[in-house]
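The next block holds one structure in the form of structure tokens; read it before the comments.
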Amino acid sequence: MNSIQQLFQKKEKNVLSIYFTSGYPNLHDTTQVISQLEKSGVDFIEVGLPYSDPLADGPTIQDSSQIALQNGVNLDIIFEQLLSIKETNKTPLVLMGYLNQMLKYGEEKFCQKVVDCGIDTVILPDLPMIEFENHYKTLFEKYGITNVFLITPHTSEERIRKIDSYSKAFIYVVASASITGAKGDISNNQVAYFERIKKMNLQSKLIIGFGISDKQTFTTACNYANGTIIGSAFIKHLGNNGVDKIDGFINPIIS
Amino acid sequence: MKFQPSKDGYYGQFGGAFIPELLYPNVKELEDNYLTILESEAFQTEYKDLLQHYVGRPSPLYLAKRLSEKYGATIYLKREDLNHTGAHKVNNTIGQILVAKHLGKTKIIAETGAGQHGVATATVCALMGLECTVFMGEIDIKRQAPNVARMKMLGAKVVAATSGSKTLKDATNEAIRYWIQNPDTYYLIGSVVGPHPYPDMVARLQAVISEEMKAQLKAQTGNENPDTIIACVGGGSNAAGAFYHYLENESVELVAVEAAGLGVNSGESAATSQLGEVGVIHGSKTILMQDEYGQIVEPYSISAGLDYPGVGPLHAFLHETKRAKFLNATDKEALMAAYELTKIEGIIPALESAHALAVLPKMKFKKDQVVVVNLSGRGDKDLEMYINNLEE
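Chains A and B, in that order, give the protein sequences.
Numbered according to the working numbering, the first sequence spans residues -1 to 253.
Numbered according to the working numbering, the second sequence spans residues 103 to 494.
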């Protein structure tokens, strides 16, 4: 069974996931960030693979990616880092990167490395459903890898149903039609959208992302989904406070 | 029709629509409607009328006698430089602004490199009374100041792209980001790049270049087919337009000229077909300059319209199938070609177009070989660069 699905069997509500950029703020912080996040009680972790042209990310994550790349991070180093904590880390990891990274690395080689690191879930925001169906569904199944799809306020019901049928980990519910970035409050429109999705009674678990930044937005979003992902707000904290103060960000949210 | 895209927008293995789910509704709306709109009588009537009376088409096909004499061929220049706004870019913006109107869009965004597409977009927005935002790399804003001033005068908002190489690639990233955040806007892409249906739509709108060429060659030489067509390629829109009606006629040689910058292997180049490998950029699978981990490499060229790390999927396919011959020209060769054309024909070309001219000395021509060089734009915007280098 998929690692995130296993997590949901133990915990169905108020699931907190944190996104961070590997190789940021320093090249060798990756494993430290993961263990600190685990210690502070995060339920699963999105490991960002820094990309030069991250179209679906906002300025905070793009800046952290640029710094990580300047630090010299690359896929081989990241896979080595993740492999080194495979035995000790018990928190499920999800890889988030862009399609071109997998293409260039070699699709089979990429999948093999992912599996070697004990990871079974990936998010590739620029992999559209039709390409997934035509080229990647079979490949991912061969390696037991699950792809996470995003839905937005503009995704049609028909499309959501189809995504639901392909989703084995969770559906990533994009809070607003925007790129990632901490934005503050949750609006009435967003609540209406969350309620609409909730009423569809999907088989998949729902994780809300984009714009979740603190206790208040976390709690509100968790009323409409199984949990949330926090990215930009955490990256900002990490950039300002370093790896030692991670619980200072997490504790107020889950307390 | 080997060189037309499939239903999903593929030219062989190149093309497609690699877009985040957030953009799906926008791209789908365009994909579902663009052919119906382009082929409608209402669109065609308005498009042709504007091209004739506003842009000044047809653009002349000029027999460059002294240039011909020098290179021992019959060389024609397709004078896209004489279009309103100074380049071929306006053919596309006129078409797409009508598409946007048909779709009921009122806010327009665009990316620009040299500023030609930005000016052409700001122009048609002024013409139609639509709100216009243009994304432009910070470095390009500096090196193409006159075009920035033009855009502002035309009422457009110019937003600086400050990430990455601060040039065309990054302007495109910023435009796409803005589009994701503002799904009610129409993204008016300036080249044959981006997710399907953009490459096909832009190629169709630029196809007027080769459509006119056919009639003009027939009238001037008795034969609608030239032996060779030469065009510069950044993203590839002027080349797509100049090649379009000859793509399936393999007796016509097609030559695409990329910017070699300081030299193809100097590390400062934009010759994508020579340096690139298959990858995904800006929503399209194509040939792309990238490192061993798929990170996009920042390209370099003296010309702000050619320093793009990818190339349109049609061109990737023309390269792979060898339907087009891909050559390149360095900064210096392009400058020399620009000075030469200015001196012997009295035409100051855009730096981009000068790259196409720069391969003339490298090619071997048969006597009476009919060659058309697509003179995609005029050199007003590059005067400062020309003046500075002239003094050296």
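Every residue, glycine too, gets a C-beta built ideally from N, C-alpha and C.
DSSP beta-bridge partners of residue i
| i | result |
| --- | --- |
| B/D401 | It should be noted that the sequence gives Pro, not Asp, for residue 401 of chain B. None, per the DSSP bridge assignment. |
| B/V260 | B/V236 |
| B/T388 | B/G381 |
| A/T119 | A/T144 |
| A/S15 | A/F42, A/I227 |
| B/P50 | Since the first residue of chain B shown is 103 and the last is 494, residue 50 of chain B is not available in this structure. |
| A/L91 | A/I43 |
| B/F116 | B/Y113 |
| B/C334 | B/V359 |
| B/Y288 | B/I210 |
Contact with chain B by residue i, beta-carbon distance below 8 angstroms
| i | result |
| --- | --- |
| A/K102 | yes |
| A/I177 | For A/I177, the predicted model reports a pLDDT of 49, less than 50, meaning its position is unreliable; a value from the coordinates is still stated below. Answer yes: the Cβ-Cβ gap between A/I177 and chain B drops below 8 angstroms somewhere. |
| A/H263 | Residue coverage of chain A in this structure runs from -1 to 253, which leaves residue 263 of chain A outside it and unanswerable. |
| A/S211 | no |
| A/E44 | no |
| A/N239 | no |
| A/T150 | yes |
| A/S50 | yes |
Element boundaries [beta strand (DSSP E), containing residue i]
| i | result |
| --- | --- |
| A/E44 | 42 to 46 |
| B/F428 | 426 to 432 |
| B/K212 | The sequence as given places Ala at residue 212 of chain B; Lys does not occur at that position. Note, B/A212: beta strand (DSSP E), 209 to 214. |
| B/L165 | 163 to 165 |
| B/L319 | Element bounds for B/L319: not the beta strand (DSSP E) but the alpha helix (DSSP H), 310 to 323. |
Minimum Cβ-Cβ distance from residue i to chain A less than 8 angstroms
| i | result |
| --- | --- |
| B/V382 | yes |
| B/R279 | yes |
| B/F120 | yes |
| B/Y395 | yes |
| B/E123 | yes |
| B/P285 | yes |
| B/I92 | There is simply no residue 92 of chain B to check, as chain B begins at 103 and stops at 494 in what is shown. |
| B/G324 | no |
| B/I139 | no |
| B/A127 | Looking at the sequence shown, residue 127 of chain B is not Ala but Pro. Chain A, which has a Cβ nearer than 8 angstroms to the Cβ of B/P127, makes this yes. |
| B/S405 | no |
| B/G257 | no |
| B/I398 | yes |
| B/S265 | yes |
| B/D110 | yes |
| B/N135 | no |
| B/N185 | no |
| B/D470 | no |
Residue i, buried or exposed, once every other Cβ within 10 Å from all chains shown has been counted against 16
| i | result |
| --- | --- |
| A/G95 | buried |
| A/A180 | Low confidence applies here, because A/A180 scores a pLDDT of 48, under 50, leaving its location unreliable; read the following figure in that light. That one is buried. |
| A/M(-1) | exposed |
| A/S185 | exposed |
| B/I121 | buried |
| A/I177 | Caution applies to A/I177, whose pLDDT of 49 falls short of 50 and renders its modelled position unreliable; the model cannot decide the point. |
| B/H457 | buried |
| B/T176 | buried |
| B/E454 | buried |
| B/N325 | exposed |
| B/H219 | buried |
| A/Q99 | buried |
| B/P463 | exposed |
| B/D286 | exposed |
| B/D302 | buried |
| B/K271 | buried |
| A/M198 | exposed |
| B/H347 | buried |
| A/K84 | exposed |
| B/D482 | exposed |
Contact belief for residue i with residue j at Cβ below 8 angstroms, rounded distance in angstroms
| i | j | result |
| --- | --- | --- |
| A/F208 | A/I251 | The Cβ separation is near 16 angstroms, so there is no contact. |
| B/Y410 | B/G215 | 7 angstroms |
| A/I43 | A/I16 | 6 angstroms |
| B/K427 | B/L356 | 7 angstroms |
| A/T28 | A/S38 | About 16 angstroms; that fails the 8 angstroms criterion. |
heavy atom of the ligand FMN below 7 angstroms from residue i C-beta
| i | result |
| --- | --- |
| B/I243 | Absence of the ligand FMN is noted for the structure shown, with no ligands found whatsoever. |
First through last residue of the alpha helix (DSSP H) which encompasses residue i
| i | result |
| --- | --- |
| B/T195 | 191 to 204 |
| A/T218 | 213 to 220 |
| B/T147 | 143 to 152 |
| B/L416 | 415 to 422 |
| A/L97 | 97 to 103 |
| A/Y164 | 155 to 164 |
CB contact below 8 angstroms: residue i versus chain C
| i | result |
| --- | --- |
| B/Q392 | In the displayed structure, chain C is absent; the protein chains listed are A and B. |
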